[in-house]
Amino acid sequence: MPRSDLKREDLLDRLAAHVLTYGLNGSSLRALAKGAGVSDRMLLYYFKDKSDILTATLTHISDQLVRILDASGQGDSVLADQLVQRVGTAMMTDQLWPYGRLWVELSALAALGDALCIAVGQRITDKLLEWGTAQLDLPEAQRVDVALQVLARVQGALMLKAVGRDEDAKRALHPVR
0 MPRSDLKRED LLDRLAAHVL TYGLNGSSLR ALAKGAGVSD RMLLYYFKDK SDILTATLTH
60 ISDQLVRILD ASGQGDSVLA DQLVQRVGTA MMTDQLWPYG RLWVELSALA ALGDALCIAV
120 GQRITDKLLE WGTAQLDLPE AQRVDVALQV LARVQGALML KAVGRDEDAK RALHPVR
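First residue of the sequence shown: 0, per numbering that gives the first Met the number 0; consecutive thereafter.
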């Protein structure tokens, strides 16, 4: 890997840590540069503009999340309720809540019409759906629809936690009867 690619990867790790800590609201160009330990001019050497920085950083964060979820799985295909329980419970932990909180923030900004958040949110959704469909023990024809339902249930639980309804968030992950 060329030296510049290594530097960019290192920057993305530091930018991801900053965004996971301070969210998108705390991610002005100056704050991102400070969080990465470089000048804003140096950031613009590796990225063309703030949108490029945020797109690359959010993509990097979603890649991190998928790797963490992969590592937390047992490797066997599961049913939808098991996947909701496993992913939802993991997302409520101190380790993964920053990812969940960021997803809620990104979704809220997308709902307000932020074009960058819409585009990046769609890509992250595609990545999570691809991951989710691969986890399900179902016929191929049913996997995407069920993965969408799993994503919606976990997202709903994250929103409950975001507004301080932690116990309700946990209950929302239980199987529907």
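Every residue, glycine too, gets a C-beta built ideally from N, C-alpha and C.
Exercise. For Asp-12 versus Val-77, is the C-beta distance shorter than 9 Å?
Worked result: For the 9 Å CB-CB criterion, Asp-12 and Val-77 do not form a contact.
Exercise. Per the contact definition of three or more C-beta pairs closer than 8 Å, is the segment 162–173 in contact with the segment 130–146?
Worked result: As far as the Cβ criterion goes, the segment 130–146 does not touch the segment 162–173, which means the pair count is below three.
Problem set entry | Bounding residues of the alpha helix (DSSP H) (the contiguous stretch that carries Gly-120) | For Gly-120, the uninterrupted alpha helix (DSSP H) segment begins and ends at 114–134.
Problem set entry | Under the three-state DSSP convention, the category Val-143 falls into | Val-143 carries a helical assignment under DSSP once its states are collapsed to helix, strand and coil.
For this session: Please specify which runs of the alpha helix (DSSP H), each continuous and at least 4 residues long, are wholly inside the segment 48–82, giving them in chain order.
Result: DSSP runs (the alpha helix (DSSP H)) wholly in the segment 48–82: 49–71.
Exercise. From Ser-106 to Gly-120, what distance separates their C-alpha atoms?
Worked result: Those two C-alpha atoms are separated by around 7 Å.
Problem set entry | Member of Leu-147, Gln-134, Leu-172 whose CA lies at the smallest distance from the CA of Ala-156 | Taking each of Leu-147, Gln-134, Leu-172 in turn and checking the Cα distance to Ala-156, the smallest one comes out for Leu-172.
Exercise. What whole-angstrom Cβ distance do Lys-126 and Val-83 have, given they're in contact under 8 Å?
Worked result: Not a contact, Cβ separation roughly 18 Å.
Exercise. Run through DSSP, which three-state label would His-17 get?
Worked result: In the structure shown, His-17 falls within a helical segment according to DSSP collapsed to helix, strand and coil.
Exercise. Roughly how many whole angstroms lie between the Cα atoms of Ala-35 and Arg-152?
Worked result: Take the alpha-carbon of Ala-35 and the one of Arg-152: they are about 34 Å apart.
Problem set entry | Counted within 10 angstroms of its Cβ, other Cβ atoms place Lys-160 as buried (16 or more) or exposed | By the neighbour-count rule (16 or more Cβ atoms within 10 Å), Lys-160 is buried.
Problem set entry | Enclosing alpha helix (DSSP H) for Leu-28 [first to last residue] | Here the alpha helix (DSSP H) through Leu-28 covers 28–35.
Problem set entry | Extent of the continuous alpha helix (DSSP H) run through Val-103 | Under the DSSP assignment, Val-103 falls in the alpha helix (DSSP H) whose first and last residues are 96–110.
Problem set entry | 7 Å Cβ shell around Asp-144 - same chain, five flanking residues per side excluded | None.
Exercise. Asp-165 lies in the alpha helix (DSSP H); which residues open and close that run?
Worked result: Unbroken alpha helix (DSSP H) run through Asp-165: 165–171.
Exercise. Ordered along the chain, which non-local residues of its own chain (more than five positions away) have a Cβ less than 7 Å from that of Ala-79?
Worked result: In its chain, beyond the 5 residues on either side, Leu-135, Val-145, Gln-148, Val-149 have a beta carbon closer than 7 Å to the beta carbon of Ala-79.
Exercise. Taking Cβ to Cβ, would you say Ile-67 is nearer than 9 Å to Leu-14?
Worked result: It is not a contact, given that the beta carbons lie outside the stated cut-off.
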